[in-house]
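In structure tokens:
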């Protein structure tokens, strides 16, 4: 018996729908499996790369720390060498300055001594002669009249030399004769006190002038030495500041480079996490098994190939 008219076309349509559903199910299953396989491989790559990146970061940080310590040690050695050189130079300059000051002091003292001796020899007036009545006529130590040493006074040149050397004038006076009268003793004492006071004032003036000259010379020399020392110290400080600035700049660059690398790694990890989350959402929304005879291609959405091959009756 022959089938009913028009039944062949209906059977063909049903068969085409069945084939399309099976094909769609197989394609969907392959797509899901491929997606899961890609997720597994990407997760494995992430698990392998993350410890490696962390180890690499630790290694770079350790290398940077070691390099920084090495630079600090080298800088300390250079600073110590510069400090030793400066100390030696300062010591030599100080010794040289001390020798110059000593030589200058000796020369100035000699000049002042010669000047004072010349002034005492040419400027100081001789003392007045003594009266004959003052001297005892029967004294065995009697000297000619008019002699200043007849009463035991020291010579003017000896007095000036003794005072310039810082000696006491009274130590060089000879003891007075024991048989001189009281008037003679009084006159000698008055004249000795007058000469001693005058020479003391002259000695004080000379000492003040010498001290002023020495102070001026020392201030001038010390000013020159301090200027040179200040320049040397400023140069050393500037060199140290340059080295420190260079070191800080290199450290900031290394820190910025590590920060950029960490930011890149964080961005990559965030993207991978977002991709994994999106895949999890897609996998959660995707149905595991399709309906038995339902597919997006319904009975009314037949492929053009079959539509042209099997036209409607």
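Numbering (the UniProt record's numbering), first residue to last: 1 to 313.
Glycine included, C-beta positions come from ideal geometry on N, C-alpha and C.
Out of the options, which has the shortest C-alpha to C-alpha gap to residue i?
| i | options | result |
| --- | --- | --- |
| residue 280 | 19, 36, 87, 207 | 36 |
| residue 235 | 83, 51, 210 | 83 |
| residue 105 | 237, 212, 19, 249 | 212 |
| residue 206 | 85, 96, 69, 110 | 110 |
| residue 68 | 261, 85, 244, 214 | 244 |
| residue 51 | 284, 283, 282, 269 | 269 |
| residue 246 | 10, 75, 29, 63 | 75 |
| residue 57 | 267, 285, 262, 284 | 262 |
| residue 282 | 24, 31, 11, 48 | 31 |
Under a Cβ-count criterion, where at least 16 other Cβ atoms within 10 Å of its own Cβ denotes burial, should residue i be classed as buried or exposed?
| i | result |
| --- | --- |
| residue 65 | exposed |
| residue 241 | exposed |
| residue 17 | buried |
| residue 22 | exposed |
| residue 175 | Because the pLDDT of residue 175 is 45, which lies under 50, any placement of that residue in the model is unreliable, and the number read from its coordinates should be weighed accordingly. By the neighbour-count rule (16 or more Cβ atoms within 10 Å), residue 175 is not buried but exposed. |
| residue 55 | exposed |
| residue 155 | For residue 155, the predicted model reports a pLDDT of 46, less than 50, meaning its position is unreliable and no value from the coordinates is stated. |
Could you tell me whether the Cβ atoms of residue i and residue j are closer together than 8 Å?
| i | j | result |
| --- | --- | --- |
| residue 86 | residue 232 | yes |
| residue 108 | residue 248 | no |
| residue 53 | residue 265 | yes |
If I'm right that residue i touches residue j with Cβ under 8 Å, what's the distance once you round it to whole angstroms?
| i | j | result |
| --- | --- | --- |
| residue 73 | residue 210 | Their Cβ separation, rounded to whole angstroms, is 54 Å, which puts residue 73 and residue 210 out of contact at 8 Å. |
| residue 60 | residue 258 | 7 Å |
| residue 272 | residue 8 | Residue 272 to residue 8, Cβ: 56 Å. No contact. |
Compute the minimum distance between the beta carbon of residue i and the heavy atoms of the ligand NAD, and state whether it is under 7 Å.
| i | result |
| --- | --- |
| residue 117 | Ligands are entirely absent from the displayed structure, and the ligand NAD is therefore not among its contents. |
Three or more beta-carbon pairs under 8 Å between the segment 34-43 and the segment 265-280, yes or no? yes
Across the segment 250-270 and the segment 86-98, are there enough close Cβ pairs to call them in contact, namely three or more that are closer than 8 Å? no
Three or more C-beta pairs below 8 Å linking the segment 201-209 and the segment 95-102: no
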